[in-house]
Amino acid sequence: MKINPKNGIDKLIFGMKQNDVTAIYGKPDRNYKDEDDNVIFAYNRLKMRLTFYVEEDFKLGYIVASSQELELFGYKIINRKISEVKKDLATKGIIKFTQEEFDTFENYFNEENWIIFQTEFDEVVKFEIGAIINQKDEFDWKFGKK
1 MKINPKNGID
11 KLIFGMKQND
21 VTAIYGKPDR
31 NYKDEDDNVI
41 FAYNRLKMRL
51 TFYVEEDFKL
61 GYIVASSQEL
71 ELFGYKIINR
81 KISEVKKDLA
91 TKGIIKFTQE
101 EFDTFENYFN
111 EENWIIFQTE
121 FDEVVKFEIG
131 AIINQKDEFD
141 WKFGKK
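Heads up, the final residue of the sequence shown is numbered 146 in the working numbering, and it's a clean run with no missing numbers.
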């Protein structure tokens with residue numbers, strides 16, 4: 001599954017509605033609301049959790065994924081050492097990361113592409129990507145744009 005920075009993952013494009021997603025991937029294994037009333041779709045086989053933002057007319061705005069099939073610029077990322085992943089990304093000009101620690105987990109956040117690599121024991125275990133916020137402080141929805 002190809003990660004498309006600033007756009008989404010695989011056939012998922014930021015700005016899609018729930019029916020756009022179910023037309024491609026079928027009904028989610030779980031469908032619930034979070035504490036902010038955003039709608040969450042969870043797909044077990046894809047190992048992805050999708051967030052549709054209530055304040056943005058339920059558009060797809062955030063994806064959390066942990067499939068070993070994830071690829072960024074042709075590089076696999078899950079279950080690899082973060083140092084190797086960062087070295088691969090540096091060849092594509094992605095070098096700036098903010099690092100946070102939580103217990104045995106560490107997050108490596110790149111704001112320019114709104115991506116997070118979550119590691120445990122120095123290996124990437126989870127990947128997160130969010131829709132980009134533009135200069136007007138609004139979401140830059142990609143779905144439906146040419």
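Ideal placement from N, C-alpha and C gives every residue a C-beta, glycine not left out.
**Study point:** Limits of the alpha helix (DSSP H) - the one that K136 falls within
**Key:** Neither: K136 is in no alpha helix (DSSP H) and is coded neither H nor E.
Point to revise | Cβ neighbour criterion (16 or more within 10 Å) applied to Q118 | key: Counting every other CB atom within 10 Å of its CB across the protein chains shown gives Q118 a total of 16 or more, marking it as buried.
**Study point:** E156 (DSSP reduced to helix, strand or coil)
**Key:** One cannot answer for residue 156 here, as it falls past the ends of the chain, which runs 1 to 146.
Exercise for review: Taking 8 Å as the cut-off, decide whether the C-beta atoms of K126 and S83 are in contact.
Suggested key: Cβ distance not < 8 Å, so K126 and S83 don't count as in contact.
Review point. Thinking C-alpha only, which one of T51, K47, D29 and N44 is nearest E35?
Key: Of T51, K47, D29 and N44, the residue nearest in Cα terms is T51.
Review point. Whose CA, out of G130, N134 and A23, lies closest to the CA of L60?
Key: That would be G130, whose Cα lies nearest to the Cα of L60.
Exercise for review: Jot down the residue ranges of each uninterrupted beta strand (DSSP E) in the stretch 7–91, minimum 3 residues, whole runs only, in chain order.
Suggested key: DSSP assignment within the stretch 7–91 yields the following whole beta strand (DSSP E) runs of 3 residues or more, N-terminal first: 30–33, 39–43, 48–53 and 59–65.
**Study point:** K2 - DSSP class collapsed to helix/strand/coil
**Key:** Strand at K2.
Exercise for review: Please classify D10: is it buried, with 16 or more other beta-carbons within 10 angstroms of its beta-carbon, or exposed?
Suggested key: D10 should be labelled buried.
Practice item. Taking all protein chains shown into account, decide if F41 is buried (16 or more other Cβ within 10 angstroms of its Cβ) or exposed. Key: Classified as buried, F41 has 16 or more neighbouring CB atoms from the shown chains inside 10 Å of its CB.
Exercise for review: Alpha carbon to alpha carbon, how far is D37 from E128? Give it in angstroms, no decimals.
Suggested key: E128 and D37: Cα-Cα distance of roughly 20 Å.
Check your understanding: How big is the Cα-Cα spacing for Y25 and N19?
Key -> Answer to the nearest angstrom: the Cα atoms are 10 Å apart.
Exercise for review: Give me the Cα-Cα distance between E71 and L89, rounded to the nearest whole angstrom.
Suggested key: So the alpha carbons of these two residues sit roughly 11 Å apart.
Point to revise | Straight-line Cα distance separating F139 from K6 | key: A direct Cα-Cα distance of roughly 11 Å separates K6 from F139.
Exercise for review: Could you spell out the range, first to last residue, of the beta strand (DSSP E) harbouring N107?
Suggested key: Where N107 is concerned, the enclosing beta strand (DSSP E) stretches over F105 to N110.
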